[in-house]
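Convert by adding 5 to the 1-based position in the sequence shown; the result is the number in the UniProt record's numbering. Have a look at the structure below before the remarks.
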Amino acid sequence: YDDRDGYIWMDGEFVPWRDTKVHVLTHALHYASSVFEGERAYNGKIFRSLDHSKRLHNSAEIMGFDIPFTVEQIEEAKREALAKSGLDSAYVRAIAWRGSEMMGVSAQNNTIHLAIAAWSWGDYFKDKMKGIRMTHAQWRRPAPDTAPCHAKAAGLYMICTLSKHAAERDGYADALMLDYRGQVAEATGANIFFVRDGALHTPTPDCFLNGLTRQTAIKLAKERQIEVIERAIMPDELPTFSECFITGSAAEITPVAEIGVHSYKPGQISEALVEDYSNLVNGKLEVAL
Ligand code: PMP
């Protein structure tokens, strides 16, 4: 994605897209000292922008580094990056990482960098309203004492990429990851919800991201008087649910048609929440978040 026109905001200034380079001895490249956000703008405004900027700061803190820009400066930089892109609807990627002055696991004094790019990115999944086909991942979400699971940190995406690639190799769109206890956790880049008897069931986010879209979906469901149950969900419950969907800033709300041998019909509840989410992000629905 490097050979394009346009500009990326990097360390306080706009740099031509093709010139936003990092050195090959960058700490983040070797040791995954990088945190990021994936956000979407609708009608020229980033949805839950402030929450994303705060999460970026929090992820960096968990990883033991300080981003040399305040949350408000990041907000301003994102607004500028979006305006400079000329796009109304865009995907916005903010990323902070440890630089390249010193080599080795420590390199504690390396400069922390921040970049913000905005580009056009349509639906994360093709034919999303048909419901995506998911398989089971071979990798599990690590325990909270094995990895800093509440940071949106690059290192945690190694198991996501491996799982996603294996799924795609077998013709699936995504994979369901279990956690270290064998409980249902999430997809490779989105949280997961199920429907049974008119109620929503979703895993408690105690070892993976409590996604902003997940929190939004819960609010939207409650607005519709739909009961939301956060709890441990075991894989042997998969055949007991009627609907399933995943949530993420990129995926938005995407119905799931299949997880392995289990089938789901994108039904009333999924469709209502997809519509509410679309209305909310486009400013056609007011909900206190
Ligand atoms: N889990 C993972 C692994 C993700 O990458 C994402 C996307 N950031 C999510 C959940 C959903 O988070 P959000 O709704 O805040 O985008």
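A virtual CB, placed ideally from N, CA and C, is assigned to each residue, including glycine.
Worksheet entry | Bridge partner(s) assigned by DSSP for Pro208 | Arg236
Worksheet item: Which class does His28 belong to by DSSP, given the choice of helix, strand or coil?
Response: coil
Worksheet item: Cβ of Ala95 versus every heavy atom of the ligand PMP: is any distance shorter than 7 Å?
Response: no
Practice prompt. Give the range of the alpha helix (DSSP H) segment to which Ile79 is assigned.
Written response: Val76 to Ser90
Worksheet item: Looking only at C-alpha atoms, which of Leu61, Phe213 and Glu80 sits nearest to residue 4?
Response: The question about residue 4 has no answer, for the chain in this structure spans 6 to 294.
Discussion item. Please report the distance separating the alpha-carbon of Ser105 from that of Asp132.
Written reply: 42 Å
Discussion item. Between Gly265, Leu285, Ile67 and Asp8, which has its C-alpha nearest Gly160's C-alpha?
Written reply: Ile67
Discussion item. Can you tell me whether Asn196 sits near the ligand NAP, meaning its C-beta is under 7 Å from at least one heavy atom of the ligand?
Written reply: For the structure depicted, the ligand NAP is absent and the ligand set comprises only the ligand PMP.
Worksheet item: Based on the DSSP secondary-structure assignment, which residues constitute the bridge partners of Lys159?
Response: The identity of residue 159 in the sequence shown is Ala, whereas the question assumes Lys. Bridge partners of Ala159: none, in fact.
Item to complete: Could you pull out every residue in the same chain whose Cβ sits closer than 8 Å to the Cβ of Ile234, ignoring the five residues on either side in sequence?
Response: Ala204, Leu205, His206 and Thr207
Practice prompt. Indicate the three-state DSSP secondary structure (helix, strand or coil) for Tyr96 in the structure shown.
Written response: strand
Practice prompt. Just mark Gly216 as buried or exposed, buried being the case when its beta carbon has 16 or more other beta carbons within 10 Å.
Written response: buried
Worksheet item: Since Ala262 is in the beta strand (DSSP E), which residue starts that stretch and which ends it?
Response: Glu257 to Ile264
Discussion item. For the structure I just gave you, are there three or more beta carbon pairs, one from the stretch 15 to 22 and one from the stretch 30 to 50, closer than 8 Å?
Written reply: no
Worksheet item: Can you list the alpha helix (DSSP H) stretches of 4 or more residues lying completely in the stretch 105 to 183, in chain order?
Response: 162 to 174
Worksheet entry | Residues that Lys50 bridges to, as DSSP identifies them | Tyr47
Worksheet item: Beta carbon of Ala122, beta carbon of Ile13: below 8 Å?
Response: yes
Practice prompt. Indicate the three-state DSSP secondary structure (helix, strand or coil) for Asn215 in the structure shown.
Written response: coil
Practice prompt. Look up Ile13 in the DSSP assignment and say whether it is helix, strand or coil.
Written response: strand
Item to complete: Would you be able to state if there are at least three C-beta pairs under 8 Å between the stretch 240 to 253 and the stretch 261 to 278?
Response: yes
Discussion item. For Leu214 and Lys59, I'd like the C-alpha separation in whole angstroms.
Written reply: 14 Å
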